[in-house]
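What follows is one structure encoded as structure tokens, with my remarks underneath.
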Amino acid sequence: MTPPALSPWPRRAPEAVGSRNQVSSVAGPADLLAPGQMFSNVELRAMEIDGVLDRVFGSGYLPKGARQHAEHRAIAMSLEIPANLVHRVILGRFSAAWVYGCGERPSRVTALIDHKRRAGALPPFSSLQVHEVTLGRFDVAQLAGIRITTVLRTAVDLAFQQAYTAPGWPDPVAILWLMTQKAELGCPLSLVHQAIETLPRVPHKQRALARVNNLIQNGHPVQNLAS
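Residue 1 is where the sequence shown starts when you use UniProt numbering, and the numbers rise one by one after that.
As structure tokens, this is what we get:
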């Protein structure tokens, strides 16, 4: 299956990705600001409090009222990834869904790494959550130079995602519904169902299919199928 086309605009210098000390701004329709030579994190937070900036995610900000794009969200999330991992991990699951404009801003970054590679130890108090997975040839795209699961792979992952019982985590079925209803993402429920059906024997495949079938039949999430 061919993944939905994604905009290549804009791109960012690879050495700057994930390094808070090297980045001061990122070019786009409006500059994404991050701690660096121009402003410290304290100064950026003060400007947010004063109503000058809007926080995108973590330490990434945009001028107040500037239109936020998927590229901005991807870059802002990448700032929370340690520099030694930024070229090895891929934004996925709830993080990828949020980058694509679905759901509330998550409390932490969820990233994926191919099972053939190792993430290694994360820094203390890191907000990054890394999962080892199997990634296919067409499962990864790029936004502004940041690696992210394609819309289709993200939707399939959400269909399999176990619901969290801790407060603050969204319902994966509700986010899946939002993704499949955004026409610009080009990922209808029928395509998600087809992608899951073609998978080999994997755990919880029937539950994932039941979730998608329920959305197709009822047109809205049903909570008792979310777990």
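By construction, the Cβ of each residue, glycine as well, lies at the ideal position given by its N, Cα and C atoms. Please read these numbers as outputs of a predicted model, since none were measured by experiment.
**OP:** Would you be able to state if there are at least three C-beta pairs under 8 Å between the stretch 67 to 77 and the stretch 151 to 162?
**Re:** Taking one beta carbon from each stretch, the stretch 151 to 162 and the stretch 67 to 77 have fewer than 3 pairs nearer than 8 Å; the two do not touch.
Original post:
Any idea what DSSP makes of R49, helix, strand or coil?
Top reply: For the record, residue 49 in the displayed sequence is Ile; it is not Arg. I49 falls in the helix class under three-state DSSP.
Subject >> Exposure label - H220; buried when at least 16 CB within 10 Å >> reply: exposed
Original post:
So what does DSSP say about R67, is it helix, strand or coil?
Top reply: The answer is coil: DSSP assigns R67 none of H, G, I, E or B.
Original post:
Just checking my contact of residue 228 with I90 at CB under 8 Å: how many whole Å lie between their CB atoms?
Top reply: Given a span of 1 to 227 for the chain in the structure shown, any question on residue 228 remains unanswerable.
Subject >> Helix, strand or coil at V133 [DSSP, three-state] >> reply: strand
Original post:
Short check: CB of L79 to CB of G60, under 7 Å?
Top reply: yes
Original post:
How is I90 classed by DSSP in three states: helix, strand or coil?
Top reply: Correct three-state label for I90: strand.
**OP:** Could you please give me the residues that DSSP links to T149 through a beta bridge?
**Re:** V140
Original post:
V109 bridges to which residues according to DSSP?
Top reply: L128
**OP:** Return the Cβ separation of V140 and T149 in integer angstroms, given the expectation that the two are a contact with Cβ distance under 8 Å.
**Re:** 6 Å
Original post:
If you follow the alpha helix (DSSP H) that R207 is part of, which residue opens it and which one closes it?
Top reply: That run of the alpha helix (DSSP H) goes 205 to 218.
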